[in-house]
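Working notes, beginning with the structure itself.
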Amino acid sequence: AQSVSQHNHHVILSEAASLELGCNYSYGGTVNLFWYVQYPGQHLQLLLKYFSGDPLVKGIKGFEAEFIKSKFSFNLRKPSVQWSDTAEYFCRGSQGNLIFGKGTKLSVKP
Amino acid sequence: DVKVTQSSRYLVKRTGEKVFLECVQDMDHENMFWYRQDPGLGLRLIYFSYDVKMKEKGDIPEGYSVSREKKERFSLILESASTNQTSMYLCASTPLVGTEPYNEQFFGPGTRLTVL
Numbered sequence: 020a021q022s023v024s025q026h027n028h029h030v031i032l033s034e035a036a037s038l039e040l041g042c043n044y045s046y047g048g049t050v051n052l053f054w055y056v057q058y059p060g061q062h063l064q065l066l067l068k069y070f071s072g073d074p075l076v077k078g079i080k081g082f083e084a085e086f087i088k089s090k091f092s093f094n095l096r097k098p099s100v101q102w103s104d105t106a107e108y109f110c111r112g113s114q115g116n117l118i119f120g121k122g123t124k125l126s127v128k129p
Numbered sequence: 112d113v114k115v116t117q118s119s120r121y122l123v124k125r126t127g128e129k130v131f132l133e134c135v136q137d138m139d140h141e142n143m144f145w146y147r148q149d150p151g152l153g154l155r156l157i158y159f160s161y162d163v164k165m166k167e168k169g170d171i172p173e174g175y176s177v178s179r180e181k182k183e184r185f186s187l188i189l190e191s192a193s194t195n196q197t198s199m200y201l202c203a204s205t206p207l208v209g210t211e212p213y214n215e216q217f218f219g220p221g222t223r224l225t226v227l
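First to last, the sequence lines map onto chains A and B.
Our numbering puts the first sequence at residues 20 to 129.
Our numbering puts the second sequence at residues 112 to 227.
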């Protein structure tokens, strides 16, 4: 079955630590991938997206993600997190019914 | 600035009541979606619509129905609310770009529904 998997349910980091959140997809054909973020009490908003071309995608607020086709992965990275990055992060694919991963909660300690 | 609005931020209903959740977008988007968001389960698609009066079942349509009489408005209906429908409900819309409907989604703020 088509799916998008996020391996980490809850990640706790200290400020200035580097971040990498995993996302794997399991479908073929055209691959469009997205990362969304939901800050506490706010609506989901787009961080970045990959449609084609350069597999390294830069998004808002210093986030980036790399599409690695051979690994079916689209991991989200940030070199140095801030307390304000505390949020829930969702990976989304574009096959079938717009599959979302189950989300990863990121807590950043000041 | 794109905008998706939902009729209520918080709603409390009793078991067996009929519940209407309304969503309106002002971006002239063709596609609209209803999700529920539960801790540890992420977002699960209930229904979506790609045109007025058109609807498609998502992954968890049981116990829900939808209505899209106008392009900007997409309603989610719980015919007889049950306690297991207590959840956060999110509406989203996306434009149809060429023939590709699966584009960036714009989300509303959500409605937290509690069924007692």
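Think of the CB as a built atom: it goes at the ideal place given N, C-alpha and C, for glycine as much as any other residue.
- A/S71 is not bridged by DSSP to any residue.
- Secondary structure note for A/A84: its beta strand (DSSP E) is the uninterrupted segment E83 to I87.
- Flagged as an interface residue toward chain B: A/L117, by a C-beta distance shorter than 8 Å.
- By the C-beta density criterion, A/Y58 is exposed, having fewer than 16 other C-beta atoms within 10 angstroms.
- Taking 8 Å as the threshold, the shortest C-beta distance from B/G221 to chain A falls below it.
- For B/E141, the nearest beta carbon of chain A is not closer than 8 Å to its own beta carbon.
- For B/E133, DSSP records a beta bridge to B/S186.
- When Cβ-Cβ separations below 8 Å define contact, A/G122 makes contact with chain B.
- Counting only Cβ-Cβ distances below 7 Å, A/L65 has contacts in chain B at E215, in chain order.
- Under the DSSP definition of a beta bridge, B/W145 partners with B/Y158 and B/C202.
- For A/N94, the closest of A/A106, A/W102, A/R111 and A/S33 by C-alpha to C-alpha distance is A/R111.
- B/P206 has its alpha-carbon roughly 24 Å from the corresponding atom of B/Y175.
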